[in-house]
Amino acid sequence: MGTLLEVKNLKTHFVTRSGVVRAVDDVSWDVGESETVALVGESGCGKSVSALSIMRLVAGPAGRIVGGEVLFKGRDLLKLSEEEMRRVRGREIGMIFQEPMTSLNPVLSIGRQLTEGLEIHLGLSPTEARRRSAELLGMVGIPDPERRLSQYPHQFSGGMRQRMMIAMALACKPSLILADEPTTALDVTIQAQILELMKDLSRRFGVAMLIITHNLGVVARYADRVNVMYAGKIIERGTAREIYANPRHPYTLGLLRSVPRLDEPRRARLDPIEGQPPDLTRLPSGCAFTPRCAFSVDRCRVEIPPLRAVNGTGHVSACWEAERLGRQATAVGS
Amino acid sequence: MKDDAPILEVRNLVKHFQVRGGLFGGRAGLVRAVDGVSFEIRRGETLGLVGESGCGKTTTGRCILQLERPTSGQILFEGRDLTVLDEDALRPIRRRMQVIFQDPYSSLNPRMTVGQIIAEPLAVHGIVTDRGRRATRVRELLSHVGLLPQHAHRYPHQLSGGQRQRVGIARALAVEPALIVCDEPVSALDVSIQAQIINLLEDLQAQFGLTYLFVAHDLSVVRHISDRVAVMYLGKIVEITDRKSLYDSPLHPYTKALLSAVPIPDPVLEAQRERVVLGGEVPSPLNPPPGCVFHPRCPIAIDRCRVEVPDLREIHPAHRAACLLA
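Here it is, written out as structure tokens:
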């Protein structure tokens with residue numbers, strides 16, 4: 027499996043009144059061909075800004091990519107002209123957003139929004155584009171696609187709009203889809219439908235996916251590999267199995283322990299991560315998680331831990347105490 | 015400290031909304047947001063009310079608080095039927111019932127300091143008239159919800175989401191209510207903060223003997239916090255029982271589907287799980303299906319379900335479900 031997307035030392039900063047926010051702070055990760063990779067973290071951790079940076083959609087002038095490379099099929103997207111970049115968006119990399127209503131045009135018919143990309147990117151004739159659009163709607167499980175093409179987004183339910191977004195993302199047969207919180211705005215039963223659909227389609231067409239989410243449950247079922255982000259940095263990465271069975275960063279461990287789970291006996295009390303999420307304009311020196319961390323030692327307050335290998339499976343953790351954490355977690359598990 | 019007398023009894027609650035469609039406001043329709051809902055909550059208990067968007071759970075909460083006047087039915091709070099009272103008679107009762115909203119940012123006045131926000135109900139209801147004593151009481155309330163005295167001088171935008179929700183809770187506590195309707199109180203918060211707020215709600219319940227109606231869509235959170243749980247679908251309760259029975263042996267096919275749709279944060283378990291993925295979507299409450307409202311999506315529906323409306327009947331002691339096949 028070759029590497030499809032490789033993000034190297036990406037830095038995206040925002041200038042605010044209270045100072046420079048390093049939303050993405052020297053972050054590197056990659057996605058292999060037909061692989062599903064997750065970026066997980068809470069609000070403000072930099073996961074969405076990472077995706078926007080790849081697509082070069084960071085809102086200026088406050089936000090700016092200040093360093094790094096985004097190699098997609100070997101080409102650095104950050105060096106392309108705006109014109110060349112437009113051919114990448116939608117054509118080679120599809121996008122699915124959290125709130126489909128705000129990312130669809132309310133005054134254009136569903137059909138028009140689907141055919142536009144097909145005509146521009148693939149050069150299809152209007153008739154061909156319409157036929158292909160109906161096919162796409164059918165593929166994502168929208169009944170009666172011919173009639174649906176002439177309807178408008180407000181006539182679709184939330185779940186149908188998200189199906190329509192998936193159809194749009196797939197329309198030009200991209201090799202990568204970026205999905206930013208694709209099911210967060212949906213009800214649980216609809217969420218299950220959409221996730222099954224995305225998984226099925228990505229397998230069927232061999233599309234690679236980058237799923238950005240705060241929901242650890244969603245990630246468990248659908249991702250091959252997981253990157254956990256905190257305060258603009260990746261603090262742990264590994265296969266989904268490794269991350270869940272053997273978390274080696276106190277933040278990952280805290281996230282996993284803080285959620286009540288239906289598959290476990292009910293606990294008398296939940297185990298939250300204490301303290302507040304980090305203020306990115308006033309990060310502490312050393313590891314950003316130190317103020318909330320139960321495992322911190324003196325070194326954590328002065329020296330930022332780099333990502334280091336935990337074992338031979340590609341599992342890495344940015345924690346000085348990763349080994350102690352491993353021993354302790356094993357002791358708890360046995 | 016649960017005592018057996020119900021603090022709240024909802025009897026056959028109905029709330030319909032008139033809607034006008036079309037360009038000229040003609041073709042009026044009727045949204046059956048809540049369509050005959052009955053339940054009770056005992057003092058000191060937490061009743062979880064779960065369901066998907068549009069099922070009527072929030073409207074039910076708003077009717078109880080008398081923020082919406084019900085179309086019909088009774089709401090007995092501490093023995094008095096609120097639906098027959100006028101605004102003046104309701105005012106003292108409103109103190110006894112408070113609400114915590116989902117989004118603390120839009121429910122806190124951005125131009126007031128945290129101290130003013132918490133002190134306002136104390137002044138409005140004439141609970142603490144002396145300004146100095148009000149400031150003392152505000153500090154006390156801040157400490158109950160895990161905030162510091164200096165937070166009183168901050169504005170909502172200077173706080174994190176979790177801290178704002180703590181302010182919302184302090185404001186609700188200020189008037190010493192007996193019942194708090196918690197409407198999705200943690201769903202807008204980050205995962206690491208949700209657990210803090212849930213623990214806080216549980217501590218406050220134990221400390222002040224509060225009764226909660228906990229309205230939410232997250233079944234894992236509801237299991238954690240509730241003593242009993244009611245599941246709503248399209249304006250009706252389809253199942254209601256104690257927590258253990260609902261999660262260990264659900265009877266209604268909708269409850270079963272909801273439970274199986276909840277993702278579990280464990281890739282190995284997830285891969286082995288058999289799940290019931292419901293087809294279709296929730297029908298419009300403007301035009302609910304005949305018979306059992308769930309039949310168009312139900313994996314086990316039979317012909318009778320298309321015509322016969324199932325009663326919410328007691329299948330096992332204290333376990334009621336509205337399904338002909340339960």
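Chains as they are written, first to last, in my numbering: chain P, 27 to 360; chain C, 15 to 340. Beta carbons are placed, not taken as given, at the ideal position from N, Cα and C, and that holds for glycine.
- As the crow flies, the alpha-carbon of residue 180(P) is around 12 Å from that of residue 190(P).
- At the C-beta level, residue 279(C) and residue 233(P) stay beyond 8 Å of one another.
- Apart from the 5 residues on each side of it in sequence, residue 182(C) sits with its Cβ closer than 7 Å to the Cβ of 114, 115, 118, 121 and 122 in its chain, given in chain order.
- Secondary structure of residue 106(C) (DSSP, three-state): helix.
- In the DSSP assignment, residue 32(C) forms a beta bridge with 44(C).
- Residue 325(C) counts as exposed, since fewer than 16 other C-beta atoms from the protein chains shown sit within 10 angstroms of its C-beta.
- Rounded to the nearest whole angstrom, the CA to CA distance from residue 303(C) to residue 297(C) is 7 Å.
- DSSP, read as helix, strand or coil, puts residue 165(C) in helix.
- If you check the CB distance, residue 176(C) and residue 203(C) come in under 8 Å.
- For residue 263(P), the enclosing beta strand (DSSP E) stretches over residues 259–265.
- Taking 8 Å as the CB threshold, residue 183(C) stays off the interface with chain P.
- At a C-beta separation below 7 Å, residue 69(P) has these neighbours in chain C: 204.
- Contact between residue 288(P) and residue 201(C) is ruled out by a C-beta separation of about 17 Å, above the 8 Å threshold.
- Listed in chain order, the non-local C-beta contacts of residue 346(P) below 7 Å within the same chain comprise 323, 325, 326 and 331, local neighbours out to five positions each way being set aside.
- Inter-residue distance for residue 212(C) and residue 47(C) is about 28 Å (C-alpha atoms, whole angstroms).
- Unbroken beta strand (DSSP E) stretches of 3 residues or longer found wholly inside the segment 50–103 of chain P: 62–66 and 89–98, given in chain order.
- In the three-state reduction of the DSSP assignment, residue 319(C) falls in the helix class, which pools H, G and I.
- For residue 176(C), at least one C-beta of chain P is nearer than 8 Å to its own C-beta.
- Secondary structure note for residue 139(P): its alpha helix (DSSP H) is the uninterrupted segment 136–148.
- Cβ proximity to chain C below 8 Å picks out 68 and 69 from the segment 42–76 of chain P.
- Contact with chain P is found for residue 279(C), since one of that chain's Cβ atoms lies less than 8 Å from the residue's Cβ.
- Leaving aside the five residues that flank residue 242(C) on each side, the residues in its chain whose CB is nearer than 6 Å to its CB run, in chain order, 61 and 256.
- Contacts with chain P at 8 Å (Cβ-Cβ) include residue 231(C).
- With respect to residue 258(P), residue 82(P) sits apart: the two C-beta atoms are not nearer than 8 Å.
- According to DSSP, residue pairing for residue 18(C) in a beta bridge does not occur.
- Contact between residue 189(C) and residue 141(C) holds: CB atoms are separated by about 6 Å, below the 8 Å threshold.
- Runs of the alpha helix (DSSP H) lying entirely within the segment 39–88 of chain C and spanning at least 4 residues, in chain order: 71–78.
- For the options 235(P), 352(P), 207(P) and 222(P), the alpha carbon positioned closest to that of residue 242(P) is the one of 207(P).
- For the 8 Å CB-CB criterion, residue 129(C) and residue 152(C) form a contact.
- When the five nearest sequence neighbours on each side are left out, no beta carbon in the same chain lies closer than 6 Å to the beta carbon of residue 272(P).
- Shown here, residue 208(C) sits in a helix according to DSSP, grouped into three states.
- Contact between the segment 154–171 of chain C and the segment 91–110 of chain C is not established, with fewer than three Cβ pairs separated by less than 8 Å.
- In its chain, beyond the 5 residues on either side, 265 and 329 have a beta carbon closer than 6 Å to the beta carbon of residue 340(C).
- When Cβ-Cβ separations below 8 Å define contact, residue 67(C) makes contact with chain P.
- Residue contact with chain C for residue 281(P): present (Cβ-Cβ distance below 8 Å to some residue of chain C).
- An exposed status is given to residue 285(C), since fewer than 16 other beta-carbon atoms sit within 10 Å of its beta-carbon.
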